[in-house]
Each structure stands twice: as structure tokens, then as C-alpha cells.
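Chains as they are written, first to last, in my numbering: chain A, 1 to 303; chain B, 1 to 624. One structure is given below, encoded as C-alpha cells.
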Amino acid sequence: MEINELPKLGRLRVQAVLYGNEPDSILRTVQHLDRAAELAIQAGTFGRVTLAYGDSSPTDSLRSVVEDAKAACGTLADIEYVHFGGNMGSAGGHNALLELGQTDFTILMNPDIMFAPDALIELAHPFADPSVAMSEPKQLPFEHPKEYNPSTGETPWASGACTLVRRSVLSELEGYDAQTFFLYCDDVDLSWRARLKGYKLIYCPRAAVFHDKRMQYGGDRPVGWAEKFYSAEAGLLIAYKYCRDDRVKQISAFFAESGDQVWLDALASFEKRREDGVLPARLDPAHKVAYFRDGLYARHRFV
Amino acid sequence: MDIYDNAFSESNPYGHVIQLVARFEPRPGDYVVDIGCGYGRIAEILKERFGVEYLGLDADLESLESLRSRGFNAVQFVAGQQDLAAQILSALPAGARVVAITALDFIEHISQPGQLLSDLAEIAAPWNAPLILSVPNVSHRDVGTKLALGRFDWTDAGLLDRTHIRFFTNDVLSRLTRDHGWHEAYQHDFSLRKSDQHFPCTLPGLSADTPLGQFLALLREGVDQYAYVNQFIRAYLPGPTRMAGADIDGMVQNIANPFLSVVIRTTGTRIGTLREGLLCLSAQSDQDFEVLIVGHNLEIPAQIEVERLIEHLHPAFRSRVRLVRVDGGGRSVPLNTGFRAASGDYVVAFDDDDLLFGGWVETFRKLAERAPGALLRQCAVAQDWDRVETAGGDAASRSMSSMKSIYPANFDLLAHIVENRTPLHSIAFPRALFSHLGFQFDPGHSTAEDWDLIIRAAPLCGVSTSTDVGCIYRHWTTGTSYTAHSQFEWTSNYLNTLKKLNDRPFLLPKGSVNRLRNMYAELQRLKGDVDVAAETGIESLANGALLDDDKRLAELRERYYELTTSKSWQITAPLRVLLSALKRKPWTRPPRIWLMGEADLDFHIRQVLQSSSWKWTRILRGLR
Chain A
1 MEINELPKLG RLRVQAVLYG NEPDSILRTV QHLDRAAELA IQAGTFGRVT
51 LAYGDSSPTD SLRSVVEDAK AACGTLADIE YVHFGGNMGS AGGHNALLEL
101 GQTDFTILMN PDIMFAPDAL IELAHPFADP SVAMSEPKQL PFEHPKEYNP
151 STGETPWASG ACTLVRRSVL SELEGYDAQT FFLYCDDVDL SWRARLKGYK
201 LIYCPRAAVF HDKRMQYGGD RPVGWAEKFY SAEAGLLIAY KYCRDDRVKQ
251 ISAFFAESGD QVWLDALASF EKRREDGVLP ARLDPAHKVA YFRDGLYARH
301 RFV
Chain B
1 MDIYDNAFSE SNPYGHVIQL VARFEPRPGD YVVDIGCGYG RIAEILKERF
51 GVEYLGLDAD LESLESLRSR GFNAVQFVAG QQDLAAQILS ALPAGARVVA
101 ITALDFIEHI SQPGQLLSDL AEIAAPWNAP LILSVPNVSH RDVGTKLALG
151 RFDWTDAGLL DRTHIRFFTN DVLSRLTRDH GWHEAYQHDF SLRKSDQHFP
201 CTLPGLSADT PLGQFLALLR EGVDQYAYVN QFIRAYLPGP TRMAGADIDG
251 MVQNIANPFL SVVIRTTGTR IGTLREGLLC LSAQSDQDFE VLIVGHNLEI
301 PAQIEVERLI EHLHPAFRSR VRLVRVDGGG RSVPLNTGFR AASGDYVVAF
351 DDDDLLFGGW VETFRKLAER APGALLRQCA VAQDWDRVET AGGDAASRSM
401 SSMKSIYPAN FDLLAHIVEN RTPLHSIAFP RALFSHLGFQ FDPGHSTAED
451 WDLIIRAAPL CGVSTSTDVG CIYRHWTTGT SYTAHSQFEW TSNYLNTLKK
501 LNDRPFLLPK GSVNRLRNMY AELQRLKGDV DVAAETGIES LANGALLDDD
551 KRLAELRERY YELTTSKSWQ ITAPLRVLLS ALKRKPWTRP PRIWLMGEAD
601 LDFHIRQVLQ SSSWKWTRIL RGLR
């Protein structure tokens with residue numbers, strides 16, 4: 001198949017994990033996806049598109065919001081809603097959703113992603129190549145700065161904010177490593193495991209999605225406890241998992257000397273896992289795919 | 001209604017009326033029907049010049065008698081009481097041809113001019129006879145200026161004749177005639193630089209030799225071309241009858257508009273980035289806006305591409321997006337076209353290669369609620385982008401730098417006089433500037449048209465600002481508008497704006513006197529002027545309580561109020577009373593915050609924060 005020929009990818013299941021989201025934002029996301037699905041089905045890229053929400057919120061008050069959004073849809077075959085009854089985190093929530101539906105392709109995404117009308121079609125293009133496991137759209141208004149090959153689109157990892165993945169690859173990789181990662185680095189880990197199996201990940205700069213991030217003058221953004229704790233802990237865990245003990249040592253020393261309680265807690269949690277013997281199995285001893293520099297997991301065009 | 005006996009002159013309103021009649025080529029024996037004719041001072045000149053017959057209608061018997069004594073036909077007509085058609089038709093001989101109907105200084109005296117105009121349209125239709133109106137302009141600069149300054153001087157005759165019961169502006173007259181079956185054919189208005197309302201002539205604002213007068217005059221002259229029109233003198237032709245439901249009395253109706261109109265100018269050459277811009281819009285958290293894509297010099301293939309982009313949008317958004325085409329002219333033309341076609345309360349321009357954050361519209365709305373009518377400005381950041389060839393040979397855009405805060409967080413009018421520091425998509429304009437005050441992007445500008453408009457509008461409207469970053473200016477590493485235009489053009493446009501600003505009085509916002517004093521003092525100090533040092537005491541006073549900044553004062557008052565009404569402060573109130581009693585301190589009235597200056601408020605806030613009861617209750621606040 002020619003690289004430019006539009007592949008026919010069969011059934012698509014788009015899934016997102018909710019946690020206390022704004023009802024209007026859910027409606028907007030569904031409106032965008034519904035139209036993108038209509039165009040993709042018209043183009044023959046996908047035969048059927050469904051959306052599945054897993055809700056980690058304390059109550060299921062978003063159920064009616066999802067049902068209202070579903071009633072307004074013209075193309076999506078279904079919008080499923082499941083309330084988890086507890087906070088399963090991003091990775092755990094996605095894995096739970098993966099078990100609930102059969103499909104040919106899956107989009108793993110954040111609930112506040114809005115697709116450009118042609119984004120699904122653009123994301124499908126790279127799958128004409130059978131060695132491609134994942135394709136990633138360009139996020140707006142903040143485009144991720146990680147480097148990619150402009151002519152092939154190949155990229156070292158694909159963001160979990162929105163990625164189209166072959167379902168067969170997800171099965172082969174057994175989804176996210178939810179035992180290790182709660183909120184962060186689950187996507188980097190999934191990408192690296194796919195690459196260790198020889199698959200390619202493709203960044204599609206012509207496929208645009210809107211990811212609603214905000215900014216204040218001066219660039220400062222308040223960082224919440226969960227973001228700080230889980231990203232710090234994930235930083236230690238992924239360095240450990242990919243056999244970078246030097247990096248683990250370096251981060252641990254930095255956290256220990258920081259005097260910052262959140263970082264100290266993250267370090268303590270990591271050490272507790274070590275004591276309990278629940279750290280992840282180690283991968284990539286020859287450092288084929290893993291990249292660690294300045295707190296980044298790929299070369300960036302800018303910082 | 002008084003009856004006037006004004007003489008005919010070629011250059012007075014009667015002269016203008018006769019000149020309009022001449023355009024319809026009256027033939028000897030034709031009739032001119034003059035409604036509300038008074039003494040009918042145009043009767044003789046009509047007969048002399050064109051040989052036409054004259055039929056005058058008026059309620060006043062004395063006037064009619066005057067006409068008859070001069071050999072003209074005259075019939076009584078009392079508006080609202082008699083059938084106009086019957087009165088006219090019974091007075092005309094069989095086979096008479098009406099070449100024109102005139103109503104001079106009449107419709108402002110009757111309560112239902114719309115009904116009269118409808119009746120006249122029906123009467124005129126068989127002959128396709130024009131209607132010629134002469135109506136005083138209540139929006140003459142003299143009247144408007146005096147009304148703004150609290151004066152409305154009735155007079156025995158003139159613009160504010162004490163017997164006028166309806167008042168007309170150009171808009172009101174145009175709407176009224178159009179809605180009642182008349183289509184305007186000619187304007188031959190009569191202007192007076194100084195009307196009969198130009199008194200007292202020493203009133204600042206009225207006199208064009210005062211800064212206030214110049215300022216108001218320039219503002220009024222920008223609105224429309226009727227600032228000095230004394231009488232609207234217009235000719236109309238009868239057309240289709242008024243549509244059902246049309247506005248009967250020429251009243252302005254309030255229509256629900258979207259909050260914001262977003263005007264995107266495109267030449268259709270940047271479809272990829274336009275698609276991304278539309279995504280940024282459809283993703284906005286506040287969707288109360290419309291989008292006008294102004295296609296400038298669009299070739300047909302490009303137009304098809306743009307139309308396809310619109311067609312691809314999801315339906316709820318697509319219904320609020322429309323394409324407007326315009327050809328010719330420079331960069332201002334598509335902006336002006338879009339701003340004119342907009343219907344939102346505010347209008348903002350957005351280029352087809354920039355980006356927005358999800359709260360862009362939401363932030364504009366918050367700013368509008370805080371200061372209705374002001375320019376609304378949020379922060380913009382800049383980012384370097386380039387274009388890459390992707391697999392398959394299609395182009396895509398790629399960010400090449402982090403977000404750079406190169407534009408200041410606040411709008412400083414004085415700094416903006418020197419150069420623009422506000423990208424156009426970070427500032428929204430009240431549409432009334434364009435729809436009501438005649439503002440537009442200067443069509444003569446090939447560059448810097450944005451700065452030119454901002455710096456002309458900001459002094460009038462003020463600027464309401466937010467530190468939220470709402471938009472990204474994409475700086476393309478190749479092919480920017482700066483490099484596309486020659487330095488000569490930039491300089492010449494820049495100087496043109498400066499000249500415009502310098503040629504008129506300039507309104508400065510509150511607080512400017514203090515800033516200018518400080519700037520002047522600083523300049524003098526740099527020059528080594530010793531007199532400034534002698535005035536240090538005055539400078540310090542001027543910068544102190546006497547000229548406190550209102551915004552800062554409001555913040556301090558709010559902070560003090562928050563502190564003293566907090567639960568933890570109120571809980572310890574009995575304790576403070578007890579301690580005062582134990583220390584035998586006399587009772588003192590709590591400070592009255594509305595009377596305090598900045599320094600006093602600051603002092604009292606510090607007193608609270610440093611008090612022992614505030615420190616003891618720290619734990620309570622921690623529990624919240």
C-alpha cells in the first residue's frame with residue numbers, strides 16, 4: 001500500500017477517563033469527535049466509531065451529562081459510560097476501559113481533547129505501514145516540543161493526552177503499566193515498550209487536536225499536589241524500570257536535599273515500593289529506547 | 001404649529017428644494033402638491049421657472065387665503081382628521097399630472113409622520129411622482145454638543161422650534177421613509193457650520209477654537225457626514241409598500257447580538273493554519289460568538305478550500321461561521337469589511353495563522369462585564385514557528401521556541417504612543433466604535449493599521465486588562481509581514497499615525513497628570529535642573545494621599561474589609577475590648593475606611609496583621 005493511500009482501519013473505540021470534569025467541556029469534546037468521526041467514516045477510514053468514558057469521580061453525576069451528549073450525536077455509534085466507584089488513575093482507568101470493548105483501533109485520550117474535523121483521517125494515514133503501532137496528533141495551543149523526524153514523523157514516544165493505537169498492540173503490551181504509574185509517565189512507558197517490540201510511533205503535525213491548557217502572564221502555572229507528587233514518583237519509577245540507576249540516585253538525592261515535603265513524600269513512596277518488593281520488572285538494559293536528559297524523555301526542540 | 005413666512009433664496013433650503021424639483025424635469029401644466037405649505041413661498045418660483053401649477057394644503061386658513069390671493073390653488077388639510085388622498089384628488093382637475101409632492105418643514109410637526117408618508121406613497125404611485133422633504137437635523141453638532149453639556153434650548157424657529165414634536169437624524173429619516181414606501185433618490189442637504197443653536201458662542205465645547213470644541217467636533221465629524229447639516233433636503237421615489245412588521249415609527253429596536261464577532265482575514269493561502277485557528281475557536285469555553293472569515297482577493301480554488309473548511313466544522317459551530325468576500329485594497333480592507341459585517345457587541349480580529357487558548361472569549365467577557373464599552377485586552381505571547389514538509393509532501397507547521405512574554409501585561413497608553421505593544425488578536429473593540437462613531441482601520445495604511453486603530457480608540461474607550469494569556473502570536477521564521485513590507489512603508493505609516501494623533505486634542509486616562517509630572521521631574525533631574533529639588537516636598541505630596549491611585553485604594557479597602565470581617569478577627573473582638581480595658585486605653589472609633597488614604601489604609605492593614613489576636617488565630621485560618 002502506498003504511504004499516501006488512506007488505509008481502512010475498521011472499528012475505532014475512543015476512550016477517556018473522567019474525574020470531575022466540566023459538563024460543557026464534555027459536550028464540546030463529543031461534538032468535535034462526532035463530526036471528525038462522520039468525516040472519517042465518509043472517507044472510509046473507519047467503519048464505526050464509539051466513545052467510552054470511565055468515570056473516576058466520587059459520584060456518577062456525569063452520567064446524565066454523557067447521556068445528553070449522546071442524544072445530540074449523529075454519527076457516534078455509542079457513548080458508553082461506566083462509573084468506576086473509585087479513582088483508578090489514568091492508566092488504571094484506561095486499562096479497565098480496554099477490557100470492556102472489542103475494536104480494531106483505540107484512541108487513548110484525555111477527556112478535554114477536541115478533534116479538528118479531519119484529525120481522525122490524518123491520524124489514520126501512518127497505519128498504511130504495518131510496523132506503525134501508534135500515531136499522535138499535534139496538540140494545540142501548546143504543541144509538545146519533543147523532536148520528531150519531519151519527513152517520516154517518527155517520534156520517541158507518543159503522548160497519552162491523545163494517541164491512536166492498534167488494539168492488537170495494546171493487547172500484546174497488556175495496556176498501560178497501571179501497577180507502576182498512576183498519573184504520569186504511563187504514556188512514555190507504553191511507547192517505549194512498543195518500540196522495544198520493534199514498532200514505530202508516528203507524530204502527525206497535520207492532525208490537530210485542542211487540549212485545553214491555560215496560562216498566566218509570566219508563564220507561571222500553579223502546580224497542584226497530585227501533579228507534583230505523582231510526576232515526581234513517576235520520574236523515579238520510570239528511571240528504575242528502564243535500568244537507569246544513576247538517574248534514580250540523582251533524582252533521589254535531589255528530592256532528599258530539597259526540603260520540599262511533596263518531593264520527600266514521593267521519594268518515601270518509591271523507597272516503600274522497593275522495601276515491599278513491588279517495583280516494576282526492569283527493561284531495556286542496553287538503553288536502546290529509553291532517553292533521560294534534564295528531566296525529559298526525548299530530545300526537545302526547545303525547553 | 002406656527003406658520004412661517006420665509007423668503008425664497010437660491011442658496012437657502014427653498015433653493016435646494018427647487019433644484020431637486022428641477023431634476024425631475026417638470027413640464028408646464030404639471031402639478032406640484034405642497035403638503036403643510038404655510039404661505040407657500042415656493043409657489044411663485046415654481047410657476048416662474050417651470051410653468052407648473054401649484055396646489056397647497058395646510059391647516060391654517062390665513063396661509064391658504066394668502067395663497068389664493070396670489071392666484072394659487074389651496075385646500076385645507078388637517079393631519080389626522082382628514083383624508084389626504086380625497087383632499088388632493090378632489091382639488092386636481094381630471095387628467096392632471098403630479099410632477100412632485102413637497103413637504104417642507106412639516107413632518108416634524110405631526111405626531112404620525114409614518115402614516116402620512118404611507119398615504120403620500122399611495123397617492124404618488126400613479127404618476128411615480130417624487131416626494132421632496134425638508135426636515136431639520138437634530139443631530140447637528142451644535143445641538144448634540146449642547147445636549148452633552150446639559151442644554152436643550154427651545155427657540156421660536158430653527159432646529160429646536162418649540163412646536164416640533166418629532167426629531168430627526170439621518171438614520172431616523174432614512175428608516176422612516178424606507179419603511180413607508182419611499183426610496184431615496186437624491187440628497188441635497190442644506191448645511192450651516194454654525195446653526196441657530198450656536199449659542200452661547202463662548203460655551204467651551206461649542207466653540208471650535210477650544211480644545212474641548214475641537215475634540216467634540218472631530219468626534220462628531222467622524223460619525224457621519226451630517227454634523228453640520230441643518231436641513232435634510234431629500235428626494236424620494238415611491239417604491240414597494242412597507243413590509244409587514246417593519247418598524248412603524250422609525251424606532252430603534254434592541255436585537256440580541258452575540259457577545260463577540262471574530263473577524264479572520266485570509267487570502268486562502270494558509271489553509272493549514274486557518275484550520276488550526278478554527279479549531280481554537282470551536283474549542284472555546286464560551287461559545288457566544290460568531291466568526292466572519294473575510295476572504296481577501298480569493299482565487300476560486302482558494303475559496304473552495306475555505307468553504308470546505310467551513311463545511312467540515314461541527315454543525316453547532318458551523319452555523320456561526322460565514323465567509324465574506326472582498327477584493328482590492330490593502331490590509332485594512334478585509335478588516336473593515338469584516339468589522340462592518342459583524343453583529344457582536346464586541347469585535348476582534350484574528351489572523352489566519354495565529355493560535356488561541358481555550359479561555360480567550362471567556363476572558364473578553366469577564367473584562368466586558370468589568371468595564372462595558374472599554375477596549376478589552378488580555379495577554380499575548382509570541383512563539384517561533386516554521387513549516388515542515390511531512391510524509392507525502394504536505395506542509396505542516398511546527399513550533400520552534402517556548403512561549404515568550406514579549407508583550408507587557410498591562411496597557412500603558414503613553415508607551416503605546418511610541419509603539420504598538422498589543423497584538424491585534426489580544427484586544428477586542430466595542431462594535432459601537434465602528435457602527436456608531438465611524439471608526440475604521442485606516443485604508444491608507446499598508447502596515448501598522450492595528451496600532452493606528454488601537455491608539456486612536458484607546459483614549460476614548462480606556463482599556464480593561466487581564467493577565468490571563470489568551471492568544472499566541474506565531475512568529476514565522478520566514479516570510480513575516482515585517483519583511484514583506486519595506487522599511488519605507490513602515491516609517492511612512494508610523495508617521496501618518498503620529499500626525500493624526502498630534503493634529504487633535506488627546507484624551508488621557510485618570511492618573512496621567514501624576515505620571516506626566518513624574519516624567520517631567522525625572523527629565524529635569526536628568527538635565528540637572530536644581531529647581532526640581534526645591535519642589536521635592538510638593539512632588540512627594542502629589543504622589544501621596546492627595547493623588548492616590550483609585551485602583552490601588554480599592555484593593556487596599558477590600559483587603560482591610562476582608563481582614564476585619566474575617567471570622568478569626570471577629571472571634572477575637574471581645575478579647576481586644578478586654579485587653580483595651582485592662583490597659584485602660586480609651587475607646588476609639590474603628591477607622592472609617594472610605595475616608596482613608598493609601599498610607600492610612602496600609603498602616604491599619606499592617607496593624608491588623610501584626611496584632612497578637614491575628615497571630616493567635618492563625619490556626620483557625622489554617623483550618624479553612
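Glycine included, every Cβ here is placed at the ideal spot set by N, Cα and C.
Proximal residues to residue 291/A (C-beta, below 8 Å), its chain only, five neighbours per side dropped: 156, 297, 298, 299
Hey, how far is the Cα of residue 63/A from the Cα of residue 183/A? 23 Å
Per the contact definition of three or more C-beta pairs closer than 8 Å, is the region 115-129 of chain A in contact with the region 193-205 of chain A? yes
How would you call residue 500/B, buried or exposed, if buried means at least 16 neighbouring beta carbons within 10 angstroms? exposed
Runs of alpha helix (DSSP H) lying entirely within the region 393-448 of chain B, each at least 4 residues, in chain order: 413-418, 432-435
6 Å CB neighbourhood of residue 115/B in its chain, flanking five on each side removed: none
Is it right to say residue 96/A is buried, meaning 16 or more other beta carbons lie within 10 angstroms of its own, or is it exposed? buried
Residue 293/B vs residue 337/B beta-carbon contact at 8 Å: no
Are there three or more Cβ pairs, one per stretch, closer than 8 Å when the region 447-465 of chain B is compared with the region 352-362 of chain B? no
Counting only Cβ-Cβ distances shorter than 8 Å, please list the residues of the region 336-365 of chain B near chain A, keeping chain order. 355, 356, 357, 358, 359
Starting from the beta carbon of residue 44/A, find every residue of chain B whose beta carbon is closer than 8 Å, and list them in chain order. Ordered by position in chain B, no residue passes the 8 Å Cβ test against residue 44/A, which lies about 16 Å from the chain.
For residue 49/A, tell me which candidate among 60/A, 79/A, 232/A has the shortest Cα-Cα distance. 79/A
Measuring straight from C-alpha to C-alpha, what distance separates residue 39/B and residue 134/B? Rounded to whole angstroms, residue 39/B to residue 134/B spans 16 Å at the Cα level.
Identify every residue that forms a DSSP beta bridge with residue 88/B. Residue 88/B is not bridged to any residue.
If we count the other Cβ atoms within 10 Å of its Cβ and call it buried at 16 or more, is residue 209/B buried or exposed? exposed
I want to know whether the region 35-50 of chain A touches the region 130-149 of chain A - three or more CB-CB distances under 8 Å. no
Could you check if residue 148/A is buried or exposed, using at least 16 other CB atoms within 10 Å of its CB as the buried criterion? buried
Got a sec, what are the start and stop residues for the beta strand (DSSP E) residue 75/B sits in? 73-76
Distance cutoff 8 Å, beta carbons only. Does residue 457/B sit that close to anything in chain A? Taking CB atoms only, residue 457/B has no neighbour in chain A less than 8 Å away.
At the level of alpha carbons, what is the spacing between residue 545/B and residue 597/B? Residue confidence for residue 545/B is low, a pLDDT of 48 falling below 50, so the modelled location carries little weight and cannot support an answer.
In angstroms with no decimal places, state the Cα-to-Cα distance between residue 249/A and residue 402/B. 30 Å
Interface partners of residue 280/B on chain A, CB under 7 Å: 140, 141, 210
Of the choices 494/B, 89/B, 10/B, 61/B, whose alpha-carbon is the least far from that of residue 45/B? 10/B
Residue 178/A and residue 92/A closer than 8 Å at C-beta: The answer is yes: Cβ separation under 8 Å.
Can you check whether the CB of residue 124/B is closer than 8 Å to the CB of residue 641/B? This structure does not reach residue 641/B, given that chain B is present from 1 up to 624, and the question cannot be answered.
Spell out a yes or no on whether the region 51-67 of chain B and the region 15-33 of chain B are touching, meaning 3 or more CB-CB pairs, one atom from each, closer than 8 Å. yes
Under 7 Å from the C-beta of residue 685/B: neighbouring residues of chain A: Outside the shown range of chain B (1 to 624) lies residue 685/B, about which nothing can therefore be said.
Which residue marks the beginning of the beta strand (DSSP E) containing residue 185/B, and which one marks its end? 182-187
Looking at the unbroken beta strand (DSSP E) that takes in residue 55/B, where does it start and where does it end? 53-58
Mapping the DSSP letters down to three states, classify residue 62/B as helix, strand or coil. helix
If you measure from the beta carbon of residue 394/B to each beta carbon in chain A, is any gap under 8 Å? yes
With contact counted as at least three CB pairs below 8 Å, one residue from each stretch, are the region 337-350 of chain B and the region 430-439 of chain B in contact? yes
Do the region 407-422 of chain B and the region 458-465 of chain B meet, that is, are 3 or more Cβ pairs less than 8 Å apart? yes
In terms of residues, what are the limits of the alpha helix (DSSP H) holding residue 65/A? 63-71
Contact set for residue 189/B: own chain, Cβ-Cβ below 6 Å, skip 5 residues either direction: 229, 232, 233
Find the residues of chain A that neighbour residue 323/B, judging by a C-beta separation of less than 9 Å, and give them in chain order. Ordered by position in chain A, no residue passes the 9 Å Cβ test against residue 323/B, which lies about 16 Å from the chain.
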